[in-house]
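Student: Residue numbers (this note's numbering): 577 to 807.
Yeah, the Cβ is synthetic: ideal placement off N, Cα and C, and Gly gets one too.
Can you keep this structure in mind? I'll have questions shortly.
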């Protein structure tokens, strides 16, 4: 609790000393950026035997867009999902069932997911059931989670000159349609820096350019795993 109060006081002090609000301290327009780490987080992303991995031919891509209520966050996730789909299409590594088709089948089956009242096991069961109805071998899920930060000792690493930097983890998970267990999983550390204009007004191509270095290494690592399994 003391650390949280300290963070509030630091923010207030910075604003008071400058006579400005966050976003006005540098005196120039600041762009939104995503700074990625040099390497991916997981050294051994494959969780099953290589021969078993080779049997995966048809993959359903599941969207988590319903979880995002903020317009900026929804637009970011939707663009990352488009990059994922586009890169997988180009690779021709798997036959793809698109997020819209997965959602349509889910609605037809009446299998709605509510994370607020369902256990993770129940959610995985629904996802696996929908994937099996679509005759898929596996499900791909692009996800985001907040990276924990020590708000006491490390606060100035993420708060400076009125700019808020948010450390997040972007991950790609492949799970089995048979039992919901993870087949392959990879993650990427990213620092999201808020800009002055926000995401909602950013041109689509500019947003795509910013997010490609976030998503593409994950997709390429999946494709690389498939290539190594067949070698």
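On the three-pair Cβ rule with 8 Å, is the segment 701 to 719 touching the segment 625 to 639?
Tutor: The answer is yes - the segment 625 to 639 touches the segment 701 to 719, with three or more Cβ pairs under 8 Å.
Student: Assign residue 605 to one of two classes, buried (16 or more other C-beta atoms within 10 Å of its C-beta) or exposed (fewer than that).
Tutor: Start at 1 with the first residue of the chain shown, and residue 605 comes out as number 29. Caution is warranted here: a pLDDT of 45 is assigned to residue 605, below 50, making its placement in the model unreliable, and the coordinate value is therefore given only provisionally. In summary, residue 605 is exposed, with fewer than 16 beta-carbon neighbours lying within 10 Å of its beta-carbon over all protein chains present.
Student: For residue 749, list the residues DSSP reports as bridge partners.
Tutor: Within the chain shown, numbered from 1, the residue matching residue 749 stands at position 173. In the DSSP assignment, residue 749 forms a beta bridge with 717, 761.
Student: Any idea if residue 790 is buried or exposed, counting beta-carbon neighbours within 10 angstroms, 16 or more meaning buried?
Tutor: What you label residue 790 is simply residue 214 of the chain shown in a count that begins at 1. It counts as buried.
Student: Taking DSSP as the reference, what is the three-state secondary structure of residue 649?
Tutor: Numbered from 1 along the chain shown, position 73 holds the residue referred to as residue 649. It is helical.
Student: Round the Cβ separation of residue 669 and residue 802 to the nearest angstrom and send it over; I've been treating them as touching at under 8 Å.
Tutor: The count along the chain shown starts at 1 and reaches residue 669 at position 93. The count along the chain shown starts at 1 and reaches residue 802 at position 226. Confirmed, Cβ separation roughly 5 Å.
Student: So what does DSSP say about residue 572, is it helix, strand or coil?
Tutor: Missing from the structure shown is residue 572; the chain here goes from 577 to 807 and no further.
Student: Tell me the rounded alpha-carbon separation between residue 686 and residue 698.
Tutor: Walking along the chain shown from the start, residue 686 turns up at place 110. Walking along the chain shown from the start, residue 698 turns up at place 122. Those two C-alpha atoms are separated by around 14 Å.
Student: Classify residue 776 as buried or exposed, calling it buried when 16 or more other Cβ atoms lie within 10 Å of its own Cβ.
Tutor: As a position in the chain shown, residue 776 is number 200, starting the count at 1. By the 10 Å Cβ count, residue 776 comes out exposed.
Student: Use the C-beta contact count for residue 742: other C-beta atoms within 10 angstroms, 16 or more gives buried, fewer gives exposed.
Tutor: Residue mapping note: residue 742 aligns to position 166 of the chain shown, counting from 1. Result: exposed.
Student: Can you tell me whether residue 638 is helix, strand or coil according to DSSP?
Tutor: Position 62 of the chain shown, counted from the first residue, corresponds to residue 638. Looking at residue 638 - three-state DSSP - the assignment turns out to be strand.
Student: Just curious, the beta strand (DSSP E) that residue 672 is in, first and last residue?
Tutor: Within the chain shown, residue 672 is the residue found at index 96, counting from 1. Run containing residue 672: 671 to 673, per the beta strand (DSSP E) assignment.
Student: Whole angstroms are fine: how far does the CA of residue 804 sit from the CA of residue 618?
Tutor: Here residue 618 refers to the residue found at position 42 of the chain shown. Here residue 804 refers to the residue found at position 228 of the chain shown. The straight-line gap from Cα to Cα measures roughly 16 Å.
Student: Should residue 622 go down as buried or exposed, given a rule of 16 or more other Cβ atoms within 10 Å for buried?
Tutor: Taking the chain shown and counting its residues from 1, the one referred to as residue 622 is at position 46. The residue is buried, with at least 16 neighbouring Cβ atoms inside 10 Å.
Student: Given that a residue counts as buried once 16 or more other Cβ atoms are within 10 Å of its Cβ, and exposed if not, what is residue 692?
Tutor: Position 116 of the chain shown, counting from 1, holds the residue named residue 692. Exposed.
Student: Helix, strand or coil for residue 692 per DSSP?
Tutor: Counting from one through the chain shown, the residue named residue 692 turns up at place 116. Residue 692 falls in the coil class under three-state DSSP.
Student: Rounded to the nearest angstrom, what separates residue 600 and residue 800 at their Cα positions?
Tutor: To locate residue 600, count along the chain shown from 1; it is residue 24. To locate residue 800, count along the chain shown from 1; it is residue 224. Confidence at residue 600 is low in this model, with a pLDDT of 34, below 50, so its placement is unreliable and the value that follows should be read with caution. Our two residues, residue 600 and residue 800, have alpha carbons roughly 44 Å apart in a direct line.
Student: With DSSP as the reference, please indicate the residues paired to residue 662 in a beta bridge.
Tutor: Numbered from its first residue, the chain shown carries residue 662 at position 86. Beta-bridge annotation (DSSP): residue 662 is not paired with any residue.
Student: Between the segment 697 to 712 and the segment 746 to 758, do three or more beta carbon pairs fall short of 8 Å?
Tutor: yes
Student: Which residues mark the beginning and the end of the beta strand (DSSP E) in which residue 612 is found?
Tutor: On the chain shown, position 36 is the one that residue 612 refers to. Where residue 612 is concerned, the enclosing beta strand (DSSP E) starts and stops at 609 to 612.
Student: With a threshold of 6 Å, establish whether the CB of residue 722 neighbours any heavy atom of the ligand PLP.
Tutor: Absence of the ligand PLP from the depicted structure is noted, as is the absence of any ligand whatsoever, leaving it without description.
Student: Look at the alpha carbon of residue 663 and the alpha carbon of residue 676, and state the distance between them as a whole number of angstroms.
Tutor: By 1-based counting over the chain shown, the position of residue 663 is 87. By 1-based counting over the chain shown, the position of residue 676 is 100. Taking the straight line from one Cα to the other gives about 17 Å.
Student: Where does residue 704 land, buried or exposed, given buried means 16+ other C-beta within 10 angstroms?
Tutor: The sequence position of residue 704 within the chain shown is 128, counting from 1. Buried: at least 16 other Cβ atoms inside 10 Å.
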